[in-house]
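Chemist:
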């Protein structure tokens, strides 16, 4: 009887395995777990600008003069980012020029594209912290029943520190609606030496710091011409 059952199961597996599944459109899948930095202070702008400068130094020819292009219309973020790039590249020993008049000058360009997503975007909640706390309470309850109160208090302190460490990695609050895509490049007239693109979350309330809207001169009645 067992032999018949096993044979039947194996036959079923072979039949199922031989069936090809078809769909009219690709099936949506999730990306592997990943994290993304959230910009919450001007010092964070400096950090990513310094990191970008390090990437540039590693990719560029030795000590070629550089010109950081700064359009007249820039967002507050782009202005601060460009200035920090100049400071970091100068500190690394590169001659940073005020113009691209020299023929051997490489051009550094920075762009920051702000994005605003739907209010209903998926909210990711870290279950690790809650799991750890629930597990900690269960373990503490058993420890308190089986060991001295002093030992239980030590274990409680360790559990609290672990929970704080776990949560400190993640930014507080819901997943922001706003993000910014920062692209930096180094190029000559005929080739790119380096280009990097990175995405960051931004605080929703700070979205205007990343916007780059053209200014329009409005006529004022009665103004002196």
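Residue numbers (UniProt numbering): 1 to 225.
Every residue gets a Cβ at the ideal spot worked out from N, C-alpha and C, and that includes glycine.
Taking the beta carbon of residue 99 as the centre, do at least 16 other beta carbons fall within 10 Å, making it buried, or is it exposed?
Modeler: That one is exposed.
Chemist: Count the CB pairs spanning the segment 194-201 and the segment 61-73 that are closer than 8 Å, and state whether there are at least three.
Modeler: At 8 Å Cβ cutoff, the stretches do not touch.
Chemist: Expressed to the nearest angstrom, what Euclidean distance is found between the alpha-carbon atoms of residue 195 and residue 184?
Modeler: Answer to the nearest angstrom: the Cα atoms are 6 Å apart.
Chemist: Grouping DSSP H, G and I as helix and E and B as strand, with all else coil, what is residue 103?
Modeler: Of the three classes helix, strand and coil, the one that applies to residue 103 here is coil, per DSSP.
Chemist: Helix, strand or coil, according to DSSP, for residue 206 in the structure here?
Modeler: Helix at residue 206.
Chemist: Residue 61 by DSSP, collapsed to three states: which one?
Modeler: In the structure shown, residue 61 sits in coil (DSSP, three-state: anything other than H, G, I, E or B).
Chemist: What does the alpha-carbon distance come out to for the pair residue 59 and residue 207?
Modeler: Their backbone Cα atoms lie some 32 Å apart in a straight line.
Chemist: Give the C-beta separation of residue 197 and residue 181 to the nearest angstrom, bearing in mind that I take them to be a contact with Cβ-Cβ under 8 Å.
Modeler: Correct: roughly 6 Å between the Cβ atoms.
Chemist: Under the rule that 16 or more other beta-carbon atoms within 10 Å means buried, what is residue 189, buried or exposed?
Modeler: Residue 189 is exposed by the Cβ-count criterion.
Chemist: Give the single residue among 178, 82 and 192 whose Cα lies nearest to the Cα of residue 117.
Modeler: Comparing Cα-Cα distances from residue 117 to each of 178, 82 and 192, the minimum goes to 178.
Chemist: What is the DSSP secondary structure of residue 95, counted as helix, strand or coil?
Modeler: Of the three classes helix, strand and coil, the one that applies to residue 95 here is coil, per DSSP.
Chemist: Would you say residue 55 reaches chain D, if we count a Cβ-Cβ gap shorter than 8 Å as a contact?
Modeler: The chain labelled as chain D is not found in the depicted structure, where only one protein chain is given.
Chemist: Taking the Cβ atom as the reference point for each residue, do residue 76 and residue 209 lie within a distance shorter than 8 Å?
Modeler: Result yes, Cβ atoms of residue 76 and residue 209 sit closer than 8 Å.
Chemist: Can you tell me whether DSSP reads residue 188 as helix, strand or coil?
Modeler: Looking at residue 188 - three-state DSSP - the assignment turns out to be coil, as it is neither helix nor strand.
Chemist: Quick one, which of 85, 49, 44 and 112 has its alpha-carbon nearest residue 212's?
Modeler: Nearest C-alpha to residue 212: 112.
Chemist: When you compare only the Cα positions, how much space is there between residue 52 and residue 85?
Modeler: Approximately 8 Å between the Cα atoms of the pair.
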